[in-house]
Amino acid sequence: MLRKLLGKVEDGRFCRAMAGLQAGWEFEVRSRKFAKTGVEIDGFVKYSGKKYSVHIRPGKAFCNCEDFMRRQVLCKHVAFVAMAELALYAAERSAHRQVQEVLPT
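Be aware that the sequence shown starts at 1, since it is given in full-length UniProt numbering, and climbs by one per residue.
Written out as structure tokens, the structure is:
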């Protein structure tokens, strides 16, 4: 599901999200739930004193940044979260562990 989402991200935004990974942007997970249709993720992307709320569901995504709100396209923050989650899943698989759900508090 996350790889499919990344396929819908415009190249420039995809590259800026990749640069964010390199620059050390942070993703603070508020919740991660696994559903039959895919993963549901909520949290915040933080960098340079900025903080954006990102929500990803099967078939849709949301960010409160100006780019997403004005243009209604998948932004670099949504792409960053998808990339960060895929990287986490790969690391956990390599260590023979399962990714844990995170429930909101």
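Think of the CB as a built atom: it goes at the ideal place given N, C-alpha and C, for glycine as much as any other residue.
Quick caveat, the model's predicted, so the values are computed rather than measured.
- Inter-residue distance for R93 and V81 is about 18 angstroms (C-alpha atoms, whole angstroms).
- Here DSSP, grouped into helix, strand and coil, assigns C63 to strand.
- Shown here for P104: same chain residues with a beta carbon closer than 8 angstroms to its own, the five before and five after excluded, namely R30, S31 and D42 in chain order.
- Per DSSP, E28 is one residue of the beta strand (DSSP E) stretching across E26 to A35.
- Counting every other CB atom within 10 Å of its CB across the protein chains shown gives E66 a total below 16, marking it as exposed.
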